[in-house]
Amino acid sequence: MKWDLGELVAKYDVPGAQVAVLADGEIQDEAAGVLSLRTQVEATTDSVFKIGSITKIWTATLIQQLVDDGVLDLDRPVRDHLPGFRLSDPAATASLTARHLLTHTGGIDGNHFTDTGRNDDAIEKFVATLAEADHLLPPGTVFSYSNSRYVVLGRLVEVLRGKPFHDVLRERLVTPLGLRTAATDPYEAILHRAAVGHVQTGGKVVPTKEWAVSYYSAPSGSHFAISARELLEFVRLHLADPALAALREPQVETVPDFGGGVIGWGLGWMLHQDGVVGHTGVAKGQKAWLRVVPSAGVAVAVLTNSTGGEPLAYEIFDAALRDLAGVETAPRPVPPLNPAGIDADRMCGTYRSTLYDITLTSEHDRAFLIYRPRNELAESFLGGSESRVEVVRLNDSSVITTEPKSSGHQVLSLVGSDGHGRARFLHNGAAAYRIG
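Here it is as structure tokens:
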């Protein structure tokens, strides 16, 4: 390890972190800091951190196993495998496939927060609520990151295996791999040294008051916790099993820039430059990163219990991937020193997602994103009836926030055409469509 993790957690005000590196067939790992600023329990290499949306790769792996067993066809309609499955758009119900879900091209919005309880039927109940939710985009037309789609995949796993998702996850992956730190729900996590998430409030880093949202979102990444070392044992499986290499094959060749260095998408995997694949995960004040260079047999996992861990992770990736695999990490985006003015005719307008109407406006040579909530839940997220965020032009097709949050500056792309010379979508990973 060519860095001092203790110095990095102090430098970036991250309470605790784990790092594991797979190279030459061996895994090295380390930990530093504390699991919670409240308890001051030391972070160790056998502690468990939540990995958020990195869980999606585990869900995709369970789906691939179903394909290998001949019980699931990625290109048949989901409703062929899920009797009674229904979306609010009949055409989408008829055409939506598991491949659409895996590649975030299914048109289901990413921000559904319906609480369906914490029991084994939570995923089933949540999927049923999608029949009444707005379906924003036709399947197969636009890439738009969606947690809800992976919940549908989790329901496919449950139905085709005849067991709750967490039982299948343990039976098909955790137990065969001999993983001792993997926790599929809070009841398992409490048996380990479990990291607690932290957020920045009033200039201070403080512990969160919740472990996770309701269990329905487990397949998309709300509950799973594991150590960095054992996350890389899972990656070792992917590097050794030829059947799983199919998940890394490009499915979406290009995606709009949303600031994370992602240039395409596989079946679950994010695709980066120079043949690097990976995923990022966020879960209630914890943030995790995974980067893999399959051609070199190199993988790096960085797990933190802070929403502000991104600069720490990037410093480690910069060193590890360059030294071990000869690849460079895409730099974190920053506003240009002398930005060009917003292309108001093409970019400005109002765009709609499930939660917000978002207006990009230009006022006296300054540009702003104005978020207006569409429901009470969205209003609670904003903390009011409106939020204004200043942006500047990053390039011909994107804008960037002028003030960084704990995770850095946010990039939003203006993509597509409405037929009148205006952008059709405002895209920050998930697509909001123009309404005005």
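Its first residue numbered 1, the sequence shown is counted upward by one per residue in full-length UniProt numbering. The beta-carbon is built from N, C-alpha and C at its ideal position, and this holds for glycine as well.
| query | result |
| --- | --- |
| Alpha carbon to alpha carbon, how far is Lys11 from Thr93? | 50 Å |
| Is the CB-CB distance between His427 and Pro256 below 8 Å? | yes |
| Beta-carbon separation of His81 and Arg149 under 8 Å? | no |
| How about residue 446 and Lys2: are their beta carbons less than 8 Å apart? | Residue 446 lies beyond the residue range present for the chain, which begins at 1 and ends at 436; the question has no answer from this structure. |
| Out of curiosity, what's the CA-to-CA distance linking Ser295 and Asp274? | 10 Å |
| In angstroms with no decimal places, state the Cα-to-Cα distance between Thr368 and Gly261. | Position check: residue 368 holds Phe in this sequence, whereas Thr was assumed. Cα-Cα distance, rounded: 24 Å. |
| DSSP puts Leu271 in a beta bridge; with which residues? | Gly264 and Val277 |
| Which word fits Tyr187, buried or exposed, when buried means at least 16 other C-beta atoms lie within 10 angstroms of its C-beta? | exposed |
| Residue range of the beta strand (DSSP E) that Ile57 falls in? | Run containing Ile57: none in the beta strand (DSSP E); it sits in the alpha helix (DSSP H), Thr55 to Asp68. |
| Nearest to Thr280 by alpha carbon, out of Asn147, Ser417, Ala122 and Arg38? | Asn147 |
| Shortest alpha-carbon distance to Lys287 belongs to which of Ser217, His198 and Ile370? | His198 |
| Whole alpha helix (DSSP H) runs in the region 135-178 with 4 or more residues, listed along the chain? | 147-161 and 165-169 |
| To the nearest angstrom, how far is it from the Cα of Val34 to the Cα of His112? | 33 Å |
| Just verifying my parser: in three-state terms, what is the DSSP assignment at Ala430? | coil |
| Arg172 to Asp241, Cα distance in whole Å? | 14 Å |
| Hey, how far is the Cα of Pro373 from the Cα of Thr201? | 22 Å |
| Compare the beta carbon distance of Val292 and Val276 with 8 Å and say whether it is the shorter of the two. | yes |
| Would Gly221 pass as a contact of Ser53 if the rule is Cβ separation under 8 Å? | yes |
| Compare the beta carbon distance of Leu156 and Ile63 with 8 Å and say whether it is the shorter of the two. | yes |
| How do the region 392-400 and the region 324-332 stand: do at least 3 beta-carbon pairs fall below 8 Å, yes or no? | no |
| For Glu230, which three-state DSSP category applies? | helix |
| Report buried or exposed for Ser88, applying the criterion of at least 16 other Cβ atoms within 10 angstroms of its Cβ. | exposed |
| Which same chain residues end up closer than 8 Å to Arg322 when comparing Cβ atoms and leaving out the 5 residues on each side of it in sequence? | Glu328 and Thr329 |
| Can you list, in chain order, the residues of its chain with a C-beta nearer than 7 Å to that of Arg170? Leave out the 5 residues immediately preceding and following it. | Thr184 |
| Leaving out five residues before and five after Gly278 in sequence, what residues of the same chain have Cβ atoms less than 8 Å from its Cβ? | Trp269, Met270, His272, Trp289, Leu290, Arg291 and Val292 |
| Along the chain, where does the beta strand (DSSP E) that runs through Phe368 open and close? | Arg366 to Pro373 |
| With a Cβ-Cβ cutoff of 8 Å, do Val9 and Ala32 count as a contact? | yes |
| What is the rounded straight-line gap between the Cα of Glu26 and the Cα of Ala131? | 47 Å |
| Check whether the region 39-51 touches the region 233-252, taking contact to mean three or more Cβ pairs, one atom from each stretch, closer than 8 Å. | no |
| Is the beta carbon of Arg434 less than 8 Å from the beta carbon of Tyr351? | yes |
| What is the DSSP secondary structure of Tyr351, counted as helix, strand or coil? | strand |
| On the premise that Asp120 lies in contact with Pro164, defined as a C-beta separation below 8 Å, what is that separation, rounded to the nearest angstrom? | 4 Å |
| Is Ile316 helix, strand or coil by DSSP? | helix |
| Between which two residues does the beta strand (DSSP E) carrying Lys204 extend? | Lys204 to Pro207 |
| Kindly give me the distance between the Cβ atoms of Ala228 and Val19, rounded to whole angstroms, as I take these residues to be in contact under 8 Å. | 6 Å |
| For the region 5-41, which segments carrying the alpha helix (DSSP H) assignment without a break, of at least 4 residues, lie completely within its bounds, in sequence order? | 5-11 |
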